[in-house]
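A.B. asks: Have a look at this one.
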Amino acid sequence: MAMIFLGGSRDIFELPVPAIERVGTIVAAEHGVLIGDAPGADSEMQGLLAGYNYEHVGVFHARAEPRNNLGDWAAYHVPPPAGAKGFAVHAEKDREMANRADFGLMVWDGISPGTCLNVLRLAIIGSPCVVYDTMRGTVGTVHTVADWRAMMRHAGPDTQRDVEARMTADERLALEI
1 MAMIFLGGSR
11 DIFELPVPAI
21 ERVGTIVAAE
31 HGVLIGDAPG
41 ADSEMQGLLA
51 GYNYEHVGVF
61 HARAEPRNNL
71 GDWAAYHVPP
81 PAGAKGFAVH
91 AEKDREMANR
101 ADFGLMVWDG
111 ISPGTCLNVL
121 RLAIIGSPCV
131 VYDTMRGTVG
141 TVHTVADWRA
151 MMRHAGPDTQ
161 RDVEARMTAD
171 ERLALEI
């Protein structure tokens, strides 16, 4: 059973039809799903999975309890580093899901730096990620860091700066290789 990291932008409250279909394919193939607890794309995908009564799901969360766990699935608490604030509270759980994943499926609004970083994390370890870019209405698969760089050429300068600011030293190093 392959493990699939599902995620995306918190500002997405309607998934593109091809992403919905892809989630159905994941369910039909009985792959394991790793998903966060955020509102937006995570919750939308959780709703789809719950609608299928799908059982092979793990919800990762940084707070004491998941913000969303719509299928009452196994929950995995990944505590943030001491003193973490803002995006950094949830980054460690995202890294954990990426490290456990064989593949990824991300629904990106063309802006979210967290989604961009999750795609990069998957590329660094060689796990392909299908990216649905709702801003541009495109879909592509990121296999490598070079593919990720190509994806980032479509991001605006603010997004590029935000992504750079949130990277770990290891993630920056991976871009230099």
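By full-length UniProt numbering, the letter at position 25 of the sequence shown is numbered 25, and the numbering carries on one by one without gaps.
Quick reminder that beta carbons are idealized off the backbone N, C-alpha and C, glycines included.
Computed from a predicted structure; not experimentally measured.
1. Less than 9 Å separating the beta-carbons of Asp133 and Gly7?
2. Measure the CB-CB distance between Arg166 and Ala91 and report whether it falls below 9 Å.
3. From the DSSP output, in three-state form, read off Asp162 for me.
4. From Glu65 to Ala75, what distance separates their C-alpha atoms?
5. If you check the beta carbons only, do Val130 and Gly114 fall under 9 Å apart?
6. Check this for me: beta carbons of Val3 and Arg121, under 9 Å apart or not?
7. Have a look at Glu176 and Val142 and give me their C-alpha separation to the nearest angstrom.
8. Short check: CB of Ile125 to CB of Ala155, under 9 Å?
9. DSSP has Tyr54 in a bridge; who is on the other side?
10. From Gly40 to Pro18, what does the alpha carbon distance come to, in whole angstroms?
11. Go through its chain and collect everything with a Cβ distance to Trp148's Cβ below 7 Å, but skip five positions before and after it.
12. Is Met1 buried or exposed, if buried means 16 or more other CB atoms sit within 10 Å of its CB?
13. Straight-line CA distance for Asn69 to Ser127?
14. Does DSSP classify Asp94 as helix, strand or coil?
15. If you reduce the DSSP assignment to three classes, tell me which class Val78 lands in.
16. Considering only the beta carbon of each residue, do Val59 and Gly83 sit closer than 9 Å?
C.D. replies: On the basis of the data shown:
1. In the sequence shown, the residue the question calls residue 133 occupies position 133. In the sequence shown, the residue the question calls residue 7 occupies position 7. It is not a contact, given that the beta carbons lie outside the stated cut-off.
2. Taking the first residue of the sequence shown as position 1, residue 166 is located at position 166. Taking the first residue of the sequence shown as position 1, residue 91 is located at position 91. Yes, they are a contact pair.
3. Here residue 162 is taken as the residue at index 162 of the sequence shown, counted from 1. Note: Asp162 maps to helix in three-state DSSP.
4. The sequence position of residue 65 within the sequence shown is 65, counting from 1. The sequence position of residue 75 within the sequence shown is 75, counting from 1. Whole-angstrom Cα-Cα distance: 8 Å.
5. In the sequence shown, counting from the first residue as 1, residue 130 sits at position 130. In the sequence shown, counting from the first residue as 1, residue 114 sits at position 114. No, Cβ-Cβ distance for Val130 and Gly114 is not below 9 Å.
6. Taking the first residue of the sequence shown as position 1, residue 3 is located at position 3. Taking the first residue of the sequence shown as position 1, residue 121 is located at position 121. It is worth fixing the name first, because residue 3 is Met in this sequence and not Val. The answer is no: Cβ separation not under 9 Å.
7. If you number the sequence shown from 1, residue 176 lands on position 176. If you number the sequence shown from 1, residue 142 lands on position 142. Roughly 17 Å separates the two Cα atoms.
8. Translated into positions along the sequence shown, residue 125 becomes position 125. Translated into positions along the sequence shown, residue 155 becomes position 155. Not closer than 9 Å, so no.
9. The sequence position of residue 54 within the sequence shown is 54, counting from 1. Tyr54 is not bridged to any residue.
10. The residue you call residue 40 lines up with position 40 of the sequence shown. The residue you call residue 18 lines up with position 18 of the sequence shown. Those two C-alpha atoms are separated by around 17 Å.
11. Counting from one through the sequence shown, the residue named residue 148 turns up at place 148. These residues qualify, in order along the chain: Val119, Leu120, Ala123 and Val142.
12. Residue numbering aside, residue 1 sits at position 1 when the sequence shown is read from its first letter. Burial call: exposed.
13. Numbered from its first residue, the sequence shown carries residue 69 at position 69. Numbered from its first residue, the sequence shown carries residue 127 at position 127. Approximately 25 Å, taken between the alpha carbons.
14. Against the sequence shown, residue 94 aligns to sequence position 94. Helix, per DSSP.
15. In the sequence shown, counting from the first residue as 1, residue 78 sits at position 78. Reduced to three states, the DSSP call for Val78 is coil.
16. Mapped onto the sequence shown, residue 59 falls at position 59. Mapped onto the sequence shown, residue 83 falls at position 83. No, the pair does not count as a contact, with Cβ atoms beyond the cut-off.
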